[in-house]
Amino acid sequence: MKNIIKNIAIAFMSMSIVTSCSNKLDLFPQNDMTPNNAYKDMDGYMSVLAKIYGSLSLGGNEGDGAPDISGLDGGSQISFIRPFFNLQELPTDEAVCAWNDQTIKDFHNLAWTSSDPFIKGAYARPIWNIGLINAFLRETTDAKISERGFSGADATNIKNMAAEARFLRAFNYWVAMDLFGKYSFLTEADQTGTTPVEKPASEIFAYIESELLAIEEALPAAKSAVYGRVDRAAVQALLARLYLNAETYTDAGKYNEAATYAKKVIESGYTLSPDYYRLFQADNDTQVNEVIWAINCDGLMTQGHGNTTFLVHAASGEDAPEYNVGSGWAGYRATKGLSGKFYAGNATTTNDKRALFTTSKYKIDPVENEIDDITNFHNGVHVKKWTNNYTDGRAGKDPTRNFTDTDFPVFRLSEMYLIYAEAVLRGASTGDRATALSYVNTVRARAYGNASGNIADAALNLQFILDERARELYWEGHRRTDLIRFNQLVTDTYLWAWKGGVQGGRAVDAKYKLYPVPAEAIMVNPNLTQTTGY
Amino acid sequence: MQKHVRLRKWDFALRNAAALLIFLFAASTAWAQKTVTGKVTDAGDNSEIIGATVVVKGTTTATVTDVDGNYRINVPENNAVLVFTYVGKVSQEVVVGNQSVINVRLADDPRLLEEVVVVAYGTRKKTDLTGSVIAVNAKDFQQGNIQSSEQLLQGKVAGLQVTPGGGSAGGGSTIRIRGAASLNASNDPLIVIDGIPVEGNGIKGSDNLLNTINPNDIESMSVLKDASAAALYGSRASNGVIIITTKKGASGKPRFNFNTQFSAGVITQKVDMLNGDQVRDLINANAAATGNNTYKDLLGTENTDWQDVIYRNSTGTDNNLSASGSVKNIPFRVSVGYSNQNGLLKTDNFQRTSGAINLSPKFLNNALSVNINARVAATRNRKADEGAVGASLRMDPTQPVYADNEFGGYFEWLTEKGDWNNLAGRNPLAMLEMKNDARKANRFIGNIELDYKLPWVEGLSLRTNLALDQTSGNRTETIDARAASNYRTQGYYRNEDEKKSNKLWDVSAFYEKDLPEIKSKFDVLALHSYQDFLTEVFMNPAYSTDQSKMIEGSMPAFATDRPQYRLDSYLGRINYTFDDTYLLTASLRRDASSKFSPENRVGYFPALAAAWKIKEGLFTDSKAVSELKLRVGWGVTGQQDFNNYYPYMARYAYGSNTAQYQFGDQFYQFLRPAAVDANIKWETTTTTNVGLDFGFANNRVTGTVEWFNKDTRDLLAVAPVAYGSTFDISVFTNVGNLTNKGMEFVLNTTPVLNDNFRWDIGFNVTRTHTKIVSLRKQDDPNFTGIPVSGISGGTGNTIGLHMIGQWPYAYNVYQQVYDQNGKPLEGVYVDRNNDGQISDADRYLYQRPAPSTLLGINTAINYKKWTARASGHGMFGNYLYNNFRSERSVMRNLLDPVLTINNASTELLTTGFYNNQYLSDLYIENASFFRLDNINVGYYVGKVFGNASLSLNAGVNNVLVITKYSGLDPENSSSTGVDNTIYPRPRIYTFGLNFDF
């Protein structure tokens with residue numbers, strides 16, 4: 000008995016001495032993939048492509064959670080749509096915000112600083128997307144495709160995805176260049192870990208242009224891609240927008256090209272949707288005749304507080320049920336600068352159906368629309384453009400009504416009409432004034448439901464175009480860019496309530512035409528320099 | 000002496016005839032001239048001492064006391080002397096005289112000279128310790144209503160901070176030893192239970208795994224504070240180590256113990272909120288002033304105190320039965336326990352059923368010692384939604400508790416359509432009563448230790464410890480289908496499981512040797528340890544309450560997950576003692592962790608400590624100086640405790656099912672590359688510790704003065720990187736360093752000590768200072784700090800900053816301006832940089848959440864059969880950001896933009912602020928405090944029901960708090976110091992009975 004115990008004890012001990020464990024320390028997470036496994040089949044490529052598109056809709060891998068960009072607020076600061084909206088709309092006559100969120104009030108006051116967390120998120124998002132696209136492109140080379148054994152339709156499909164990814168990279172660069180001017184720069188030649196260099200706006204412009212021109216033919220023809228994925232018309236639309244603003248970016252106008260590319264889109268077979276409001280509601284994925292490319296949002300499958308969920312909630316208050324969301328966030332309104340473009344003087348009615356400013360609680364009212372107190376949601380012009388409504392009155396799919404189904408149109412046909420007209424008015428020889436007028440009146444006829452809103456040639460001038468763009472494109476992320484192009488953002492040519500932080504409005508320093516490089520971005524990247532004035 | 004003389008006379012007279020007779024008499028009866036009986040009791044609590052030794056001095060005649068403390072011994076003559084001894088007690092000698100009954104009361108030995116302390120991988124005599132190790136034995140534990148083991152140490156150990164998270168039943172605590180040394184990795188000490196370093200994190204089904212250990216089963220807890228003591232645990236020891244040793248079997252006849260405790264808790268303080276009439280006055284006045292009746296129209300007619308609605312008096316019972324002794328020479332201990340506690344919040348309930356068995360047999364002529372522990376605990380927790388605490392403060396007091404509606408009859412804020420307004424505050428009672436968050440955890444901790452003394456090499460033994468710590472947790476959350484928050488999905492039901500298995504295999508060789516010829520002795524330990532931590536998570540979608548319908552969007556991306564990490568370690572230690580005066584300990588641990596890449600996987604953690612027993616050389620004969628020892632220690636420890644098990648590994652991760660992208664009719668899951676630092680490695684802390692242990696006047700006064708310096712390098716922190724260089728703007732990496740230095744002073748005295756009366760006072764105080772030295776990989780003059788500490792109200796606002804030269808989480812605030820009457824002016828701040836405008840640049844660093852001084856006080860009085868104890872602790876220099884005040888004491892909060900009325904604190908009546916001024920230093924408050932944790936009185940009744948002896952105790956926990964802090968409770972476990980009001984800690988009255996039989 001004693002010997003048995005002794006032997007067992009000794010065996011037990013020596014066994015554990017012998018056990019060698021070094022190779023047992025190589026562990027891999029169950030649900031993650033090695034980089035090689037991630038691209039082993041088409042599903043993997045599609046999932047990375049979904050992330051590339053999805054990074055324009057959500058801030059993280061789990062909605063707002065598992066954020067792509069950490070250290071900031073997942074809902075409000077690191078997604079694409081909401082920061083883009085804030086930076087493009089809040090400094091203008093189109094939007095004010097009632098909230099106390101950090102520095103949010105600095106935007107309408109045109110008084111932001113380089114330590115602004117919203118600007119930090121807005122700076123970080125495009126270069127994050129570009130880094131992801133570059134990593135993806137490195138996996139789409141011929142060598143990688145053959146190495147992984149893809150051929151035939153799969154190989155072609157991967158090459159198409161690569162072209163789409165390049166478009167999205169160009170789009171991200173355009174967003175960054177428009178907001179910041181110079182910007183961090185990386186291509187697929189830069190491996191992960193490379194510290195970006197800084198390129199001036201002119202060089203980024205040239206890069207965007209060359210990339211778009213290079214892929215124009217590679218992408219499927221207009222209206223031939225499945226909903227949500229870009230096609231050739233999106234490339235041309237971005238080129239049109241890029242060229243229209245070329246003078247802002249490079250000091251040299253490219254209006255000929257703007258008209259040319261706007262026309263290419265116009266002639267691609269799109270038509271205006273008869274009902275303007277349907278372009279901005281939960282079932283706007285049906286509006287494919289007009290919408291060239293939209294960022295997709297879904298109340299069940301694409302849930303985040305930084306996409307259209309924000310646009311719908313932020314604009315609604317106690318009237319939230321009319322927007323078909325569970326509650327209003329009671330934050331964003333417009334100034335009378337916007338409503339004044341629809342309502343002459345003290346008028347409270349208009350035939351322009353784009354004037355979506357009335358709910359059961361709020362209406363056009365010369366007194367209530369004055370903003371005495373920005374923090375008081377009741378002051379200002381309430382905007383019911385973005386909703387979570389289906390055309391038949393139903394709410395979006397999310398039963399909790401927390402998240403919306405509404406997609407965010409990036410390019411619409413009507414913008415192309417207006418780009419063409421403006422380019423002609425700015426001297427494009429590739430277009431003509433009569434066509435420009437007819438295009439403008441096409442837009443207005445949809446707005447009025449008939450020709451009653453049409454204008455005569457005498458009324459067609461640049462200021463009219465700017466105002467028409469406000470009427471047609473308000474709250475879609477164009478206004479700041481437009482006001483800069485017309486030099487009305489920082490000057491006293493045009494004032495609106497609380498511009499520059501005073502109720503009557505005032506001119507501000509010209510540096511506010513561009514956003515500063517976030518102080519932290521400079522701190523961690525010695526290649527970056529601060530924008531003049533900041 | 001008379002008898003002695005007479006004996007000699009007999010001897011003289013009968014020396015021949017009687018010689019043989021006397022010899023026989025003595026040999027056969029052991030000179031049993033006389034029998035003495037009596038009882039030996041503890042001078043402290045008057046309990047019987049079982050197994051005390053009674054010896055007739057100068058002879059081999061001896062006996063031990065039985066289970067009742069009784070003894071019976073024959074003494075040869077009246078002038079014999081009986082010596083009573085018992086471990087840990089002062090021995091007593093009593094001259095028999097003409098007594099036949101001698102009762103003796105043995106007092107604790109204040110010198111505790113031979114007290115053995117559990118240290119890393121072994122035990123050491125307390126006097127031979129070289130590192131900073133404090134052992135607290137069961138008799139010194141915090142008394143009263145204790146549900147979670149760590150709370151036993153509250154206030155008992157210098158430098159140890161135990162902060163309960165709140166008053167929830169079964170809730171856990173934040174434990175800090177000598178402050179926090181890490182920014183983003185864990186600051187929790189390593190917990191070792193019977194040699195098993197356990198997983199500290201919670202599990203679905205239990206937020207607090209420490210509450211699965213029954214405090215009644217704990218024999219002692221050792222706190223290893225400095226690196227020389229803790230470095231043997233290498234990569235996980237940077238925050239110190241707490242070693243829990245459970246009770247073991249004893250020799251002798253089985254003894255039983257049953258104790259039971261009843262407790263009742265009451266709320267001590269509520270937040271001062273406006274009542275219904277005050278809210279009506281304010282809103283009516285506002286409507287009159289603005290002409291806007293929007294809010295006036297929302298007013299109700301009630302005067303509801305929502306805090307009264309959600310709280311109740313709590314009750315609890317705690318029952319434990321144990322048996323220990325030997326059966327067939329196998330010492331054993333078996334215990335069972337059942338505890339049932341109701342929290343202050345309605346519906347909050349925690350139950351624990353536990354059982355433990357310990358067997359410690361010896362085989363092969365005691366060469367093979369076996370120690371087997373098996374411990375099971377089942378906790379059942381209906382966890383009350385603590386959101387109800389905040390909701391009770393937000394809810395409009397003009398509204399009724401109940402209303403006639405479809406939401407279960409609870410008043411809720413509705414929209415005009417009759418839908419619930421989902422941004423409005425909830426009815427807090429509905430949150431409690433309509434939700435059942437049922438948490439279950441079943442834990443098994445078992446180990447087998449073998450210690451085999453090799454017969455062919457004296458002093459050499461082989462040891463192994465094989466352990467399994469396994470917990471299965473389940474969380475089943477059910478919300479009533481009528482609840483406002485969930486009616487759109489017909490309620491809510493989700494059932495999730497998680498299982499943690501922690502396996503340990505240690506094997507070691509130990510050799511000890513005395514070399515008297517060179518006055519030396521030494522021991523050597525070599526050990527290999529392998530530990531595997533596996534978590535298995537099982538996720539399910541959510542359903543409607545009746546489980547008939549899955550809630551759309553709730554399907555998890557993966558049904559299971561299986562995070563795992565492993566540690567493979569070798570260590571060696573040598574203890575050397577010269578002349579019983581000079582002590583030296585040297586150790587080295589080599590750890591390899593799966594959390595790091597093969598290149599960075601291995602870390603070495605050395606430690607060196609020396610001690611000089613000054614008493615032995617310089618004051619050997621001194622009566623005044625009973626102990627004097629100088630200790631110096633140095634060591635390196637590591638840190639790898641963070642939730643990311645694969646931080647270095649390049650990989651792609653799938654997104655959740657609610658984060659997909661639509662192409663055509665189909666949705667595609669996201670696949671995203673992770674942002675990693677492939678070179679991430681241990682955070683290392685180098686600690687230097689100098690201590691002086693002293694004892695004066697026969698150790699009536701003992702104590703320790705200690706100085707320490709912790710220098711943490713390669714700080715594991717989320718640090719910003721060049722935007723675009725990887726898939727985030729910051730990554731989890733090693734960056735910067737932080738220092739933490741301080742002093743500890745401990746003083747224990749016994750001012751009164753006599754047969755009937757004993758008074759002990761213990762006192763400990765700790766001063767610490769923590770400073771961030773660097774947060775960048777290289778020096779950077781432009782570094783502006785890392786904003787931290789998000790607050791409630793105003794999305795994205797942060798109140799803290801990690802900044803060079805500052806304490807972590809320093810508050811970054813605007814400096815409030817006051818009018819001549821001292822009233823704060825709303826939104827008016829000091830233009831600190833004099834640039835004419837108030838901007839971010841005017842924020843300044845003001846105070847921080849961590850205390851600079853910790854204080855613990857204990858006292859105990861024993862008088863005959865009575866004992867009384869009290870203990871308290873305090874923190875000083877700590878500040879809190881009173882987020883509740885900043886959010887809820889302004890008019891705008893009353894007039895919620897989401898079209899509801901919220902309640903506000905009474906502060907609104909004095910400041911009259913309209914808008915929230917979140918970033919004002921007005922809300923940074925001094926939260927220094929002293930808390931009297933416990934007062935407890937015990938009485939030893941003695942024999943009842945035959946053999947059973949009974950003692951009674953009664954006490955109060957959380958007796959009082961002295962503080963200037965205006966919030967509910969200044970003791971806040973959040974490292975950021977953001978106080979949104981906590982689940983109030985009850986004052987608990989306890990009454991307990993203890994039977995020994």
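Residue numbers (numbering that gives the first Met the number 0), protein chains in the order written: chain A, 0 to 533; chain B, 0 to 996. For every residue, glycine included, the Cβ atom is placed at its ideal position computed from N, Cα and C.
- Using a Cβ-Cβ cut-off of 7 Å, B/Glu495 does not count as an interface residue toward chain A, since no Cβ of chain A sits closer than that to its own.
- With respect to B/Phe996, B/Phe255 sits close: the two C-beta atoms are nearer than 7 Å.
- Against chain B, a Cβ distance below 9 Å from A/Trp127 picks out Tyr722, Gly723, Phe726, Asp727 and Ile728.
- A check of alpha carbon separations from B/Leu967 across B/Asp978, B/Ser973 and B/Tyr862 identifies B/Asp978 as the nearest.
- In the structure shown, A/Gly130 adopts helical secondary structure according to DSSP, grouped into three states.
- The C-beta distance from B/Ala366 to B/Lys452 rounds to 5 Å, short enough to meet the 8 Å contact threshold.
- Considering only beta carbons, the part of the segment 661-695 of chain B lying closer than 7 Å to chain A consists of Gln661, Phe662, Gly663, Phe666, Tyr667, Gln668, Phe669, Leu670, Arg671 and Pro672, in chain order.
- Taken atom to atom, the span from the alpha-carbon of A/Asn36 to that of B/Asp664 is near 26 Å.
- For B/Asn796, the closest Cβ of chain A is nearer than 7 Å.
- Taking 7 Å as the CB threshold, A/Asn30 lines the interface with chain B.
- When C-beta distances to chain A are compared with 8 Å, every residue of the segment 842-861 of chain B stays at or above that value.
- Cβ-Cβ distances below 7 Å link A/Ile370 to Val95, Thr334, Asn378, Gly379, Ala496 and Trp497 in the same chain, with the five nearest sequence neighbours on each side left out; the list follows chain order.
- Inter-segment contact for the segment 227-241 of chain A and the segment 252-266 of chain A is present: three or more beta-carbon pairs are separated by less than 8 Å.
- Put simply, the backbone Cα of B/Ile282 is about 22 Å away from that of A/Asp318.
- With a cutoff of 7 Å on beta-carbon distance, B/Pro360 and B/Gly248 are scored as not near each other.
- Note on B/Lys252: under 16 other CB atoms within 10 angstroms of its CB, so exposed under the neighbour-count rule.
- Less than 7 Å separates the beta-carbon of B/Tyr644 from that of B/Lys594.
- Linking B/Gly616 to B/Glu626 through their CA atoms gives a straight-line distance of about 11 Å.
- Your pair B/Val730 and B/Ala674 checks out as a contact, with CB atoms roughly 5 Å apart and the cut at 8 Å.
- In the DSSP assignment, A/Ser338 falls outside any beta strand (DSSP E) and lies within the alpha helix (DSSP H) extending over Lys335 to Ser338.
- If you ignore the 5 residues before and after A/Tyr122, its C-beta comes within less than 7 Å of the C-beta of Phe179, Val516, Pro517 and Ala520, all in its own chain and listed in chain order.
- With a cutoff of 7 Å on beta-carbon distance, A/Asp284 and A/Asp406 are scored as near each other.
- Shown here, B/Met648 sits in coil according to DSSP, grouped into three states, outside any helix or strand.
- Residues of the segment 545-574 of chain B with a C-beta atom less than 8 Å from some C-beta of chain A are Ile550, Glu551, Gly552, Ala556, Phe557, Thr559, Asp560, Arg561, Pro562, Gln563, Tyr564, Arg565 and Asp567, listed in chain order.
- Using beta-carbon distances, B/Pro896 counts as an interface residue toward chain A, with a partner under 7 Å.
- Counting only runs of at least 3 residues, the segment 833-887 of chain B fully encloses the following beta strand (DSSP E) elements, listed from N- to C-terminal order: 852-862, 865-875 and 878-881.
- According to DSSP, B/Leu894 shares a beta bridge with B/Ile900.
- About 35 Å separates the Cβ atoms of B/Pro896 and B/Thr267, ruling out a contact at the 8 Å cut-off.
- Membership of A/Tyr44 in the alpha helix (DSSP H) is indicated by the continuous run Met41 to Gly53.
- Rounded to the nearest whole angstrom, the CA to CA distance from B/Tyr828 to B/Ala809 is 19 Å.
- For B/Met220, no alpha helix (DSSP H) run applies; the uninterrupted beta strand (DSSP E) run containing it begins and ends at Ile217 to Leu223, by DSSP.
- Here B/Asn238 is buried: its Cβ has 16 or more other Cβ atoms, across all protein chains shown, within 10 Å.
- Between B/Tyr964 and B/Ala926, the gap from beta carbon to beta carbon is short of 7 Å.
- At a cut-off of 7 Å between beta carbons, B/Arg175 makes no contact with chain A.
- The Cβ neighbour count for B/Glu924, taken over all protein chains shown within 10 Å, is at least 16; the residue is labelled buried.
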